[in-house]
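Trainee: Provided herewith is a single structure, encoded as structure tokens, for subsequent inquiry.
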Amino acid sequence: MKVVLYDDLLNLELKEKWNELLSFNSYKNICLTYEWAYAWWKVFGDQYKLMIITVQENQMWYALAPFMIQKLSSFLPNSAQNLLFIGTGLSDYHDILLKQGFEKTAIESILKYLINVYKSWGIVRLRHFPENSKTPLIVINTVKNGIDQTKIDLVFKETVKCPYLLLNSNWELYYKNVSRNLRSDMTKRLNRMKRNFDVKFEKIEPKTEEDYHRYLDEFIKINLKRWKQKNERNIFSFEKSDHQKYYYQLTKDFTRQRSILFYVLKLNHKIVAYIYCFKYNNVIYPWNTAFDPEYFRFSVGKILHRLAIEDAFKSGYKEFDFMRGDEDYKLKWTNKTRINSEIILLNSKNLLSKYFGFYYVSLKPYLENKGYVEKMFKVKNFVSTRFGVF
668 MKVVLYDDLL NLELKEKWNE LLSFNSYKNI CLTYEWAYAW WKVFGDQYKL
718 MIITVQENQM WYALAPFMIQ KLSSFLPNSA QNLLFIGTGL SDYHDILLKQ
768 GFEKTAIESI LKYLINVYKS WGIVRLRHFP ENSKTPLIVI NTVKNGIDQT
818 KIDLVFKETV KCPYLLLNSN WELYYKNVSR NLRSDMTKRL NRMKRNFDVK
868 FEKIEPKTEE DYHRYLDEFI KINLKRWKQK NERNIFSFEK SDHQKYYYQL
918 TKDFTRQRSI LFYVLKLNHK IVAYIYCFKY NNVIYPWNTA FDPEYFRFSV
968 GKILHRLAIE DAFKSGYKEF DFMRGDEDYK LKWTNKTRIN SEIILLNSKN
1018 LLSKYFGFYY VSLKPYLENK GYVEKMFKVK NFVSTRFGVF
């Protein structure tokens, strides 16, 4: 087997083999597709350098690692660069695509290559492996048993919970077994809503740009309004023009794949809540959601999720994957969660690598757990709003 690098996502062979390898994976996910990586790269790629590592032999592909290099500063040496998954930050799941039966050999080839070029990176930070991925365990065992440990250190940790709901029964049976208080609350709120408004639940599966453009504009307005009211840090913020551009790029690309689904709640013909979903491999991924805070007392977000889950059951999907984060509104509907994980590889001969390892493994989680990151955001937001700086 040999390692072959690619630095161009427009390579036709790469695109074909990427999704072919994904089709062989035991765990298939919308975030692991070529189209997902391409949409992200088209918007944010100028800040990074592609380093897609593939393992091949006799025109057969055994692995594809969708990596990119992030250089932290032009004043620092190459050893200060980070090696990340394409899409890190805004993607809920990542993985190395592996052909079944050849996982261990392929991972060995990738790790040996990284060690041979260790001067070009300071830290390999591979975030958000889904729980049902085999890759982390293979990487851990390979490093422990077959890699020169004087050159590479490994840190493994769990990152975030991802609730999910299996749709393997019928809606009536499922809803009968959720909390009685939740059922009663939903009935009261929905009846109250119907007494005050003309209520309409819509399911939209756009096929053209015209189909989705008018909805996206409304979604962005609602999202901005909601997050301004919450005054909390938002990883995917529509206040950033490149995030809006990414939103439209993803929608455009996946509309071509017939993989976009919108759930919308209208009161008196006005959109007051939405759930932006992807559909892939018979799974629904509710990727972005918000509601108009003016209608908070009517629980429009909760009602919309109840109606959306009912539709997912009745439409024959096998799973409703709530994606990253165990927010309370998700856990009202399921008690099942998967836990994403992270692998950090450190160059033990590189002082900068050790520093980055300390920051990501110890310092950053400490600051987040103590709430310092959130506090800094609120101070910055207050100063920005009050005095027009930042």
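Going by the numbering used here, the first residue of the sequence shown is number 668, and it counts up by one from there. Heads up, the beta-carbon is just placed ideally off N, CA and C, and yes, glycines get one too.
For my contact list, Ile774 and Tyr947 are in at a C-beta cut-off of 8 angstroms; report their separation, rounded to the angstrom.
Mentor: The pair is not a contact, with the Cβ atoms about 25 angstroms apart (cut-off 8 angstroms).
Trainee: By the DSSP assignment, the beta strand (DSSP E) with Val827 in it spans what residues?
Mentor: From DSSP, the beta strand (DSSP E) with Val827 extends over Ile819 to Leu833.
Trainee: Quick one: what's got a C-beta closer than 7 angstroms to Val866's C-beta in the same chain, skipping five residues either side?
Mentor: Within the same chain, Val866 has close Cβ partners Met860 and Leu934.
Trainee: Taking 7 angstroms as the limit between beta carbons, can you name the residues of its chain near Lys700, skipping five residues before and five after?
Mentor: The question names Lys, but residue 700 in the sequence shown is Thr. Closer than 7 angstroms at the Cβ level, and outside the excluded window around Thr700, lie Asn686 and Leu689.
Trainee: In whole angstroms, what is the alpha-carbon distance linking Thr1004 and Lys828?
Mentor: Spanning the two alpha carbons is a distance of roughly 6 angstroms.
Trainee: Quick check on Lys999: does DSSP put it in helix, strand or coil?
Mentor: Reduced to three states, the DSSP call for Lys999 is coil.
Trainee: With 16 as the cutoff for other CB atoms within 10 Å, does Leu765 come out buried or exposed?
Mentor: With 16 or more Cβ atoms within 10 Å of its Cβ, Leu765 is classed as buried.
Trainee: Roughly how many angstroms separate the alpha carbons of Met727 and Lys684, rounded to a whole number?
Mentor: Spanning the two alpha carbons is a distance of roughly 9 angstroms.
Trainee: Among Gln924, Tyr943, Lys811 and Asp959, which one has its Cα closest to the Cα of Tyr952?
Mentor: Of the listed residues, the one whose Cα sits closest to Tyr952 is Tyr943.
Trainee: Do Tyr705 and Leu731 have their beta-carbon atoms positioned less than 7 angstroms apart in this structure?
Mentor: Result no, Cβ atoms of Leu731 and Tyr705 do not sit closer than 7 angstroms.
Trainee: Evaluate the contact criterion for the stretch 823-838 versus the stretch 711-729: three or more CB pairs, one atom per stretch, below 8 angstroms.
Mentor: No, because fewer than three Cβ pairs between the stretch 823-838 and the stretch 711-729 fall closer than 8 angstroms, the two stretches do not touch.
Trainee: Mapping the DSSP letters down to three states, classify Ile753 as helix, strand or coil.
Mentor: In this structure, Ile753 counts as coil in the three-state DSSP scheme.
Trainee: Mapping DSSP to helix, strand and coil, what is Tyr673?
Mentor: Strand.
Trainee: Tell me, which residues are paired with Ser637 by DSSP?
Mentor: What the structure shows of the chain is the stretch from 668 to 1057, and residue 637 is not part of that stretch, so it cannot be assessed.
Trainee: When you compare the CB positions of Phe987 and Leu832, do they come within less than 7 angstroms of one another, or not?
Mentor: Contact flag set, yes.
Trainee: Less than 7 angstroms separating the beta-carbons of Gln767 and Asn749?
Mentor: No; because the gap between Cβ atoms is not below 7 angstroms, this pair is not in contact.
Trainee: Apart from the five residues on each side of it in sequence, which residues of its chain come closer than 8 angstroms, Cβ to Cβ, to Trp954?
Mentor: Asp759, Tyr943, Cys944, Phe945 and Met990, listed in sequence order.
Trainee: I need the straight-line Cα distance from Ser693 to Ser800, nearest angstrom please.
Mentor: Cα to Cα, the separation comes out at about 8 angstroms.
Trainee: Go ahead and pull the three-state DSSP assignment for Tyr914.
Mentor: Here Tyr914 sits in helix by DSSP.
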